[in-house]
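Numbering (this note's numbering), first residue to last: 1 to 249. Don't be surprised by glycine CBs; every beta carbon is placed ideally from N, CA and C. Since the model is a prediction, treat every value here as computed from it, not as a measurement. The block underneath contains the structure these notes are about, expressed in structure tokens.
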């Protein structure tokens with residue numbers, strides 16, 4: 001089974017959906033597609049260059065968050081493999097989409113691949129910095145960390161890469177894939193809490209990008225050596241990191 005493409009989602013409750021979408025359209029310099037879905041709950045952020053890998057969803061309940069779509073050639077076969085590795089099927093939609101939950105409770109979807117292959121390029125902003133939303137960080141409670149980590153390594157077929165900090169493990173990013181996967185061990189999360197995720201940006205100047213996002217309505221939360229934690233106007237946290245924004249490949 002090969003993963004052909006990846007899409008990261010922002011999942012917003014109805015009351016913050018428009019606020020969240022407006023912010024991320026501006027923050028990524030994207031165009032917004034026409035809404036789709038039975039209730040118009042889905043939309044795509046269309047990049048200036050390349051194929052889309054960022055989308056938004058209006059959710060019916062809960063506080064929202066982020067989830068991941070994996071694009072494959074055979075959804076049924078991929079779902080069978082995922083369940084064999086410890087995932088659970090939540091819903092199926094006519095062979096085009098299967099919604100699953102990872103061993104630690106993180107929601108993700110398997111969707112049919114429709115030829116996406118052109119990785120978006122970073123955006124150069126008036127301040128001179130370049131940035132791109134290109135990473136999903138899967139936040140894993142310390143209880144059950146090894147099982148969740150092993151699931152993602154086995155299911156994606158990506159080997160783990162060493163990190164500068166012990167709580168992180170990066171999965172090798174194949175050439176032509178639009179998103180990185182970073183695994184984070186969360187020591188402060190309580191027993192029984194589910195696995196969640198957030199989106200990270202690669203940026204050539206964290207300070208300048210932080211100012212830009214703040215002017216768009218995001219709030220700085222905490223500064224670390226290599227990244228800035230932010231909260232978007234809809235209340236979802238994300239990070240601006242000092243990873244080098246790579247050109248499209």
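**Message:** From the DSSP secondary-structure annotation, give me the bridge partner or partners of residue 36.
**Reply:** 42
**Item:** the region 150-167 touching the region 195-207, judged by at least three CB pairs closer than 8 Å
**Value:** no
**Request:** Buried or exposed for residue 98, please, with buried defined as at least 16 other CB atoms from any protein chain shown within 10 angstroms of its CB.
**Result:** buried
**Prompt:** Could you check where the beta strand (DSSP E) with residue 65 kicks off and where it finishes?
**Reply:** From DSSP, the beta strand (DSSP E) with residue 65 extends over 65-72.
**Through-space distance from residue 223 to residue 2, alpha-carbon basis** = Annotation: residue 2 to residue 223 spans about 37 Å, alpha carbon to alpha carbon.
**Item:** CA-to-CA distance, residue 77 to residue 40, given in whole angstroms
**Value:** 29 Å
**Message:** So, for residue 240: in the same chain, excluding its five sequence neighbours on each side, which residues have a beta-carbon less than 8 Å away from its beta-carbon?
**Reply:** 131, 200, 201, 203, 206, 209, 210, 213, 227, 228 and 230
**Asked** Taking the Cβ atom as the reference point for each residue, do residue 176 and residue 90 lie within a distance shorter than 8 Å?
**Response** no
**Prompt:** Helix, strand or coil for residue 179 per DSSP?
**Reply:** coil
**Prompt:** Which ranges would you report for the alpha helix (DSSP H) in the region 104-181 if only whole runs of at least 4 residues count?
**Reply:** 145-156
**Asked** Where does residue 52 sit, in a helix, a strand or coil, going by DSSP?
**Response** coil
**Message:** Please report the distance separating the alpha-carbon of residue 17 from that of residue 196.
**Reply:** Just so you know, the alpha carbons of residue 17 and residue 196 end up roughly 19 Å apart.
**Prompt:** So residue 198 is in the beta strand (DSSP E); what residue range does that whole segment cover?
**Reply:** 196-203
**Asked** Taking C-alpha atoms, which residue in 38, 19 and 49 lies nearest to residue 31?
**Response** 49
**For residue 23, three-class secondary structure by DSSP** = helix
**Message:** Which residues does DSSP list as the beta-bridge partners of residue 8?
**Reply:** Answer is 54 and 68.
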